[in-house]
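S.K.: According to the working numbering, the sequence shown is numbered sequentially starting from 240.
Ideal Cβ placement from N, Cα and C applies to all residues, glycine included.
Quick caveat: nothing in here was measured; it's all calculated off a predicted structure.
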Amino acid sequence: MTSENLASSNQQTFDGHHDAALRRVLDVLEQELPAAELSFISQYDNAVLANLLESLPDNYRQHIWPQLATERYWDILHLMQYETVKHFFELFNQSQLNALQQTISDTEIVEFADFLPESMVEIYLEQQDELSAAQLQDALSYDDEQIGRYVDTHILRARPNSTVARIKQRLSAQTDKHVAVYLVDAQGQFQGACSMTDIANSADTTKLTELSQNIEVFDHQQMLADVSLSLNMVPGHAWNPVQKDGKIVGAIALSNIVQWLQERSLDVAIIDTPSDEEDLFTPVPTAAKMRAIWLTTNLATAFLASWVIGLFEGALQQLVALAILMPVVASMGGIAGSQTLAVALRGIALNHLQQSNLKLLLNKELKIAAFNGLVLGLVIALVVSLWFKSAALGAVIFVAIVLNSLAAAASATMIPFILKKMKIDPAVAGSVILTTVTDIVGFVAFLGLASLLLMG
240 MTSENLASSN
250 QQTFDGHHDA
260 ALRRVLDVLE
270 QELPAAELSF
280 ISQYDNAVLA
290 NLLESLPDNY
300 RQHIWPQLAT
310 ERYWDILHLM
320 QYETVKHFFE
330 LFNQSQLNAL
340 QQTISDTEIV
350 EFADFLPESM
360 VEIYLEQQDE
370 LSAAQLQDAL
380 SYDDEQIGRY
390 VDTHILRARP
400 NSTVARIKQR
410 LSAQTDKHVA
420 VYLVDAQGQF
430 QGACSMTDIA
440 NSADTTKLTE
450 LSQNIEVFDH
460 QQMLADVSLS
470 LNMVPGHAWN
480 PVQKDGKIVG
490 AIALSNIVQW
500 LQERSLDVAI
510 IDTPSDEEDL
520 FTPVPTAAKM
530 RAIWLTTNLA
540 TAFLASWVIG
550 LFEGALQQLV
560 ALAILMPVVA
570 SMGGIAGSQT
580 LAVALRGIAL
590 NHLQQSNLKL
600 LLNKELKIAA
610 FNGLVLGLVI
620 ALVVSLWFKS
630 AALGAVIFVA
640 IVLNSLAAAA
650 SATMIPFILK
660 KMKIDPAVAG
670 SVILTTVTDI
680 VGFVAFLGLA
690 SLLLMG
């Protein structure tokens with residue numbers, strides 16, 4: 240079996256476990272069975288559990304989390320998206336926070352410090368020795384996309400003329416596990432790196448300079464984005480040295496950079512995702528607020544298009560007002576649908592959206608569409624009523640906006656899932672179909688209602 244076929248087989252196995260777990264969990268929760276019926280989830284590995292939790296809305300997650308062993312908490316959280324972890328910390332009760340406090344480490348402090356409870360960070364820092372606490376505080380002074388945030392200062396340094404025997408002696412006296420030896424001169428400047436494999440396979444009399452490899456050195460203030468563009472992978476080296484003021488201060492794991500690249504690749508692939516909404520089941524009020532900002536921005540451009548059409552009012556006849564306002568209806572439905580489509584595409588890409596939880600997502604999206612449709616529809620109706628001095632026209636466009644918003648949410652949720660079932664790339668075809676749906680529904684609703692109420 241080729242590596243490609245093996246990877247495909249492993250992914251299919253993971254997908255199967257995830258879907259089976261999701262179906263069983265939904266069966267228990269929707270039938271409101273006792274919590275003990277969820278005990279089966281402990282059999283799944285952390286990756287399946289993380290994916291399962293990201294595939295459910297908050298009110299379901301609160302039933303799942305108490306069934307997990309406390310020692311698995313952080314391992315599962317590390318496998319989730321950043322925004323999902325942030326949502327979980329808004330849901331955790333004090334008992335769960337206490338359990339997390341007992342097993343927290345430097346890694347969690349560095350990665351999640353921006354939203355961890357202040358008391359959790361303070362307690363952890365108080366438990367560290369003075370040097371460790373100072374190093375952690377220094378790491379937290381960097382932006383979460385700067386190299387310095389993720390530097391491990393516990394590295395093994397040596398002079399180039401040191402021997403393999405000397406390094407082996409030092410390693411035997413230490414409990415820390417090292418992945419490489421970083422060679423520095425008297426001024427602390429980087430001279431090369433030796434992998435542990437090379438050291439283990441070399442004679443004791445071998446000089447480290449003979450085993451040295453030249454690997455890229457990063458500056459502590461560099462951004463992960465910049466580093467990723469010039470990343471040069473060297474066999475045997477999973478960490479790169481980091482310098483500050485010309486001296487080596489530690490090393491950064493390439494896995495940190497790769498993880499950032501993976502997250503950014505998904506963002507680029509689904510560029511239209513609403514700002515900061517990384518989670519499939521972001522709570523309705525939060526998601527509605529974030530999307531309303533973009534919808535309001537779109538409203539300004541939609542009215543601009545209507546104003547331009549209105550410049551030709553004299554050439555239009557009986558349906559002049561309708562012709563002027565048609566772009567508003569179409570545009571509002573289109574942008575609302577594209578937001579939902581982006582969330583659905585992200586859910587599919589991350590394997591969070593399945594047949595079993597499609598109804599949950601549809602319900603959430605319809606609620607958001609109803610909220611934003613009613614609020615912004617009312618704003619548009621008031622503007623139209625004053626602009627054209629017609630309350631009836633305002634009522635017509637209000638109803639059309641609400642109906643088109645609901646149609647956009649429903650179709651944008653279903654379209655990518657249906658296309659996936661048909662083995663058509665939803666990222667390519669989804670927006671085309673969505674635009675057609677929102678245009679047809681918007682114009683039929685607006686012009687149809689107008690014909691019945693204004694011209695009948």
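To the nearest angstrom, how far is it from the Cα of H257 to the Cα of E293?
M.R.: H257 and E293: Cα-Cα distance of roughly 11 Å.
S.K.: If you pair each beta-carbon of the segment 258-275 with each one of the segment 307-323, do three or more pairs fall below 8 Å?
M.R.: These segments do not touch.
S.K.: What's the call for A526, buried or exposed, on a 16-neighbour Cβ count within 10 Å?
M.R.: The residue is buried, with at least 16 neighbouring Cβ atoms inside 10 Å.
S.K.: Run through DSSP, which three-state label would K528 get?
M.R.: Here K528 sits in helix by DSSP.
S.K.: Please classify F685 as buried or exposed, where buried requires at least 16 neighbouring CB atoms within 10 angstroms.
M.R.: Buried, since its Cβ has 16 or more Cβ neighbours within 10 Å.
S.K.: So, helix, strand or coil for Y421, using DSSP?
M.R.: Three-state DSSP puts Y421 in a strand.
S.K.: If you measure between the beta carbons of A647 and A569, is that distance less than 8 Å?
M.R.: No. Outside cutoff.
S.K.: On the three-state DSSP scale, how would you describe T436?
M.R.: Three-state DSSP puts T436 in a helix.
S.K.: In whole angstroms, what is the alpha-carbon distance linking T435 and L500?
M.R.: As written in the sequence, residue 435 is Met, which differs from the Thr given in the question. Rounded to whole angstroms, M435 to L500 spans 27 Å at the Cα level.
S.K.: Can you check whether the CB of Q301 is closer than 8 Å to the CB of L330?
M.R.: Yes.
S.K.: Nearest to L580 by alpha carbon, out of D345, S624, R530?
M.R.: Taking only the C-alpha atoms, the option nearest L580 is R530.
S.K.: Pick from S411, A439, Q452: whose alpha carbon is nearest that of V423?
M.R.: That would be Q452, whose Cα lies nearest to the Cα of V423.
S.K.: Please look up how many angstroms separate the CB atoms of V481 and V390, rounded, as I've assumed it's under 8 Å.
M.R.: Their Cβ separation, rounded to whole angstroms, is 5 Å, which keeps V481 and V390 in contact under 8 Å.
S.K.: Is Q320 helix, strand or coil by DSSP?
M.R.: Reduced to three states, the DSSP call for Q320 is coil.
S.K.: Can you tell me the Cα-Cα spacing of K416 and L395, whole angstroms?
M.R.: Answer to the nearest angstrom: the Cα atoms are 10 Å apart.
S.K.: Measuring straight from C-alpha to C-alpha, what distance separates N495 and T346?
M.R.: Those two C-alpha atoms are separated by around 11 Å.
S.K.: Is there contact between the segment 603-620 and the segment 669-687, where contact requires at least three CB pairs shorter than 8 Å?
M.R.: Touching, no, given that fewer than three Cβ pairs across the two stretches are closer than 8 Å.
S.K.: Excluding five sequence neighbours on each side, which residues of the same chain lie with their C-beta closer than 6 Å to the C-beta of S624?
M.R.: A630, G633.
S.K.: Check whether the Cβ atoms of P524 and A583 lie closer than 8 Å to each other.
M.R.: Not closer than 8 Å, so no.
S.K.: On a Cα-Cα basis, can you pick out the residue from A432, T535, Q341 that is closest to G616?
M.R.: Selected option, being the one with the closest Cα: T535.
S.K.: Measure from the alpha carbon of Y283 to the alpha carbon of each residue in V264, D297, T323, then state which is nearest.
M.R.: That would be V264, whose Cα lies nearest to the Cα of Y283.
S.K.: With DSSP collapsed to three states, give me the class of F328.
M.R.: Correct three-state label for F328: helix.
S.K.: Assign F351 to one of two classes, buried (16 or more other C-beta atoms within 10 Å of its C-beta) or exposed (fewer than that).
M.R.: Buried, because 16 or more other Cβ atoms sit within 10 Å of the Cβ of F351.
S.K.: Can you tell me the Cα-Cα spacing of S514 and L316, whole angstroms?
M.R.: Bear in mind that a pLDDT of 42 at S514, under 50, signals an unreliable position, so the number given afterwards is only what the model happens to contain. Using only the alpha carbons, I get a separation of about 22 Å.
S.K.: Skipping 5 residues on each side, what residues in its chain have a beta carbon closer than 7 Å to that of G489?
M.R.: Cβ within range, chain order: V390, D391, T392, I394, V481.
S.K.: Looking at C-alpha atoms only, which residue of M571, T445, E369, E271 is the closest neighbour of V680?
M.R.: Among M571, T445, E369, E271, the Cα nearest to that of V680 is on M571.
S.K.: Checking the sheet assignment: what are the DSSP bridge partners for I362?
M.R.: Beta-bridge pairing links I362 to no other residue.
S.K.: Look at the alpha carbon of L291 and the alpha carbon of S334, and state the distance between them as a whole number of angstroms.
M.R.: If you take the alpha carbons of L291 and S334, they lie about 22 Å apart.
S.K.: Taking the alpha carbon of F627 as the point to measure from, which residue in A562, M661, L599 has its own alpha carbon closest?
M.R.: The residue with the shortest Cα to Cα distance from F627 is A562.
S.K.: Here's a check: name, in chain order, each residue in its chain whose Cβ is nearer than 7 Å to the Cβ of S441, leaving out the five neighbours to either side.
M.R.: Answer for S441: V403, L450, listed in chain order.
S.K.: Given the structure, does L375 come close to the ligand ATP, in the sense that its CB is under 7 Å from one of the ligand's heavy atoms?
M.R.: No copy of the ligand ATP appears in this structure; indeed no ligand is present at all.
S.K.: Quick check on the burial criterion: 16 or more other C-beta atoms within 10 angstroms. Buried or exposed for P566?
M.R.: Looking at its Cβ environment, which holds 16 or more other Cβ atoms inside 10 Å, P566 is buried.
S.K.: Under DSSP, the beta strand (DSSP E) around K628 begins and ends at which residues?
M.R.: From DSSP, K628 is part of no beta strand (DSSP E); its letter is neither H nor E.
S.K.: Nearest-angstrom Cα distance between A651 and I657?
M.R.: Rounded to whole angstroms, A651 to I657 spans 10 Å at the Cα level.
S.K.: Using three-state DSSP, classify Q270 as helix, strand or coil.
M.R.: Of the three classes helix, strand and coil, the one that applies to Q270 here is coil, per DSSP.
S.K.: A477 and L463 - do their beta-carbons sit closer together than 8 Å?
M.R.: No, the pair does not count as a contact, with Cβ atoms beyond the cut-off.
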